[in-house]
Every structure is written in structure tokens, then in C-alpha cells.
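Colleague: For the protein sequence lines, the chains are X and P, in the order given. Here the numbering used here is used: the first residue of the first sequence is 41, the next is one more, and so on. Here the numbering used here is used: the first residue of the second sequence is 41, the next is one more, and so on.
Number of protein chains: 2
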Amino acid sequence: MLEPCSGPDARPDPSCPVEVTLAALRGRWTALVIGELTRGPRSFTDLAQALPALSDKVLTDRLAQLTAAGVVDRRRTASWPPRVSYTLTERGVALLPVLRAMWDWGRGDRPEA
Amino acid sequence: MLEPCSGPDARPDPSCPVEVTLAALRGRWTALVIGELTRGPRSFTDLAQALPALSDKVLTDRLAQLTAAGVVDRRRTASWPPRVSYTLTERGVALLPVLRAMWDWGRGDRPEA
Numbered sequence: 041m042l043e044p045c046s047g048p049d050a051r052p053d054p055s056c057p058v059e060v061t062l063a064a065l066r067g068r069w070t071a072l073v074i075g076e077l078t079r080g081p082r083s084f085t086d087l088a089q090a091l092p093a094l095s096d097k098v099l100t101d102r103l104a105q106l107t108a109a110g111v112v113d114r115r116r117t118a119s120w121p122p123r124v125s126y127t128l129t130e131r132g133v134a135l136l137p138v139l140r141a142m143w144d145w146g147r148g149d150r151p152e153a
Numbered sequence: 041m042l043e044p045c046s047g048p049d050a051r052p053d054p055s056c057p058v059e060v061t062l063a064a065l066r067g068r069w070t071a072l073v074i075g076e077l078t079r080g081p082r083s084f085t086d087l088a089q090a091l092p093a094l095s096d097k098v099l100t101d102r103l104a105q106l107t108a109a110g111v112v113d114r115r116r117t118a119s120w121p122p123r124v125s126y127t128l129t130e131r132g133v134a135l136l137p138v139l140r141a142m143w144d145w146g147r148g149d150r151p152e153a
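#1: Helix, strand or coil for V124 of chain P? Go by DSSP, reduced to three states.
#2: Am I right that R114 of chain X and T107 of chain X are in contact with their C-beta atoms under 8 Å? What's the rounded C-beta distance?
#3: Give me the residue from X:A118, X:S55 and X:V73 with the minimum Cα distance to V58 of chain P.
#4: For a cutoff of 9 Å on Cβ pairs, would you count L135 of chain X as touching chain P?
#5: Is R140 of chain P helix, strand or coil by DSSP?
#6: Within 10 angstroms of the Cβ of V112 of chain X, are there 16 or more other Cβ atoms? Answer buried if so, exposed if not.
#7: Quick check on V60 of chain X: buried or exposed, where buried means 16 or more other Cβ atoms within 10 Å of its Cβ?
#8: Secondary structure at V112 of chain P, three-state DSSP: helix, strand or coil?
#9: If you run the structure through DSSP and keep just helix, strand and coil, what is R82 of chain P?
#10: Whose CA, out of P:L77, P:W69 and P:P92, lies closest to the CA of Y126 of chain P?
#11: Does any C-beta atom of chain P lie closer than 9 Å to the C-beta of D149 of chain X?
#12: Rank X:D144, X:L128 and X:R147 by C-alpha distance to the C-alpha of G80 of chain X and give the top, closest one.
#13: Applying a beta-carbon distance threshold of less than 9 Å, which residues of chain X neighbour R82 of chain P?
#14: Pull up the CB-CB distance for A71 of chain P and L136 of chain P, whole angstroms please, since I reckon it's below 8 Å.
#15: Between the Cα of D86 of chain X and those of X:V133, X:R123, X:W145 and X:G67, spot the shortest distance and give me the residue it belongs to.
#16: Among X:R102, X:G110 and X:C45, which has the Cα closest to the Cα of V133 of chain X?
#17: For the alpha helix (DSSP H) that contains T70 of chain P, what are its first and last residues?
#18: State the start and end residues of the unbroken alpha helix (DSSP H) segment that holds T61 of chain P.
#19: Answer yes or no: does any C-beta atom of chain P fall closer than 9 Å to that of A104 of chain X?
#20: To the nearest angstrom, how far is the alpha carbon of E130 of chain P from that of T117 of chain X?
#21: Report the option in P:G148, P:A104, P:W145 and P:S119 whose CA atom is closest to the CA atom of R66 of chain P.
#22: For S83 of chain P, which residues from the same chain have a beta carbon less than 8 Å from its beta carbon, with the 5 sequence-adjacent residues on both sides left out?
#23: Buried or exposed, going by whether 16 or more other CB atoms sit within 10 Å of the CB of W145 of chain P?
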């Protein structure tokens with residue numbers, strides 16, 4: 041299954057699907073930003089308030105990373121004043137069971153309380 | 041699902057199950073080392089030959105990381121000369137469907153050839 045993750049020069053292939061997923065989830069707080077967006081569309085301010093420990097810069101970086109990875113969609117509403125809101129894309133929703141599988145595995149090394 | 045990943049001070053909790061899984065898979069080549077061990081127990085030399093682009097230091101680091109994460113077991117056989125071999129633990133085998141889910145998601149952003 042993982043053979044194609046090694047490129048022609050026996051280097052990790054950045055297009056390796058596992059690497060793609062790891063890159064989408066890279067960095068502190070990334071999973072938490074996704075978790076927040078499972079509640080529905082959120083403005084930058086909503087997210088900043090829900091995740092007060094993130095600096096604006098880190099939140100901006102994480103949203104850019106998730107948008108580039110196709111997980112998050114940045115939408116500008118037609119209202120006045122215009123509002124930008126962030127939502128999970130279909131790809132982002134498809135990532136939730138993967139995060140669930142990662143959650144379940146990560147929990148497995150600790151006995152149930 | 042991800043709320044408990046934020047600690048009491050609204051910082052990412054290192055014991056967050058998703059972080060545990062990400063930490064186990066951290067770093068280049070990690071998934072490839074796991075992939076190689078799905079073929080069966082392997083000595084350090086076997087792994088080094090199968091993954092020639094990894095320096096001994098990187099392979100040593102990855103095996104130490106995976107052993108600490110409970111994914112890989114390091115066994116010393118009773119034979120003479122003693123041989124050390126690496127195998128996937130039960131936890132490691134349980135990680136394979138998670139990697140498969142990550143693989144499937146990572147493949148999804150590219151059209152089938």
C-alpha cells in the first residue's frame with residue numbers, strides 16, 4: 041500500500057496520499073480549527089473567540105493551510121458589510137472519519153478511565 | 041469530538057488522541073518504515089536495504105520513535121549471533137486501517153488516472 045510513497049529516487053514522494061493528509065493536518069491547532077468548523081460556518085472572529093489561545097497570525101496560517109488543502113472554503117457573503125465565513129468543504133467533511141480513526145487509535149494506548 | 045484536545049489553558053493538549061497519532065507518524069519516512077514492516081519482521085539491515093535513501097541515523101530515529109509510540113516492537117532473538125528484529129505490534133497493526141483512511145483521503149484530491 042505504501043510503496044508509491046517512495047519516489048523514483050527512493051525519496052518520500054510529496055504526492056504520496058499519506059503525506060498529503062499529514063500535510064493538511066500539519067501544525068498545532070489544525071485539528072481544533074477543523075473541530076470548530078464542524079459546528080457550522082464561522083467567521084474569523086468566531087474562530088478567534090472560540091480558540092482564544094491562537095494568535096491571529098496562527099489562525100490565519102491554519103486557515104490558509106486548510107483552504108489550500110481543500111478542507112476549508114472561504115466565502116464572502118453578498119451582504120453589507122461583506123462578511124467572510126469559513127466552512128468545511130465536502131473534502132473537509134470527508135476528513136472527519138479520518139480524524140475519528142486517528143482519535144480512536146490515539147486513545148487506544150491509555151486505559152479507559 | 042475534538043474539544044478535549046484543547047487543554048485547560050486552551051492550549052493543544054499533547055495527550056489529545058489525534059496529537060498522539062500525529063506524533064507517532066511524525067517525520068519523513070515514518071509511514072514507509074511501517075509499510076516495510078507489514079511484510080513481516082525485519083532486521084535493521086533488511087530495513088536499511090529496503091529503504092536505501094534513509095541514513096542509518098534517520099532509520100534509527102524512526103525506529104526509536106515508532107517503538108516509543110508502541111507501533112513497533114524490538115526483539116532480540118535467542119540465536120547466536122543474537123539478532124535484533126523489528127515487528128509491528130498489535131497497536132501497529134491497528135494503525136494500518138488508519139493509514140489506509142489517510143491514504144484514501146489524500147488520494148481524493150486528484151482525479152483517477
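Idealized CB from N, CA, C, for every residue including glycine.
Modeller: On the basis of the coordinates in this document:
#1: strand
#2: 6 Å
#3: X:V73
#4: yes
#5: helix
#6: buried
#7: buried
#8: strand
#9: strand
#10: P:L77
#11: Confidence at D149 of chain X is low in this model, with a pLDDT of 49, below 50, so its placement is unreliable and no value can be given for it.
#12: X:L128
#13: By Cβ distance, chain X contributes nothing, its closest Cβ being about 14 Å from R82 of chain P, past 9 Å.
#14: In fact, because the Cβ distance is near 10 Å, the residues do not count as touching under 8 Å.
#15: X:R123
#16: X:G110
#17: T70 to L77
#18: P57 to A64
#19: no
#20: 49 Å
#21: P:A104
#22: R123, V124, S125 and Y126
#23: buried
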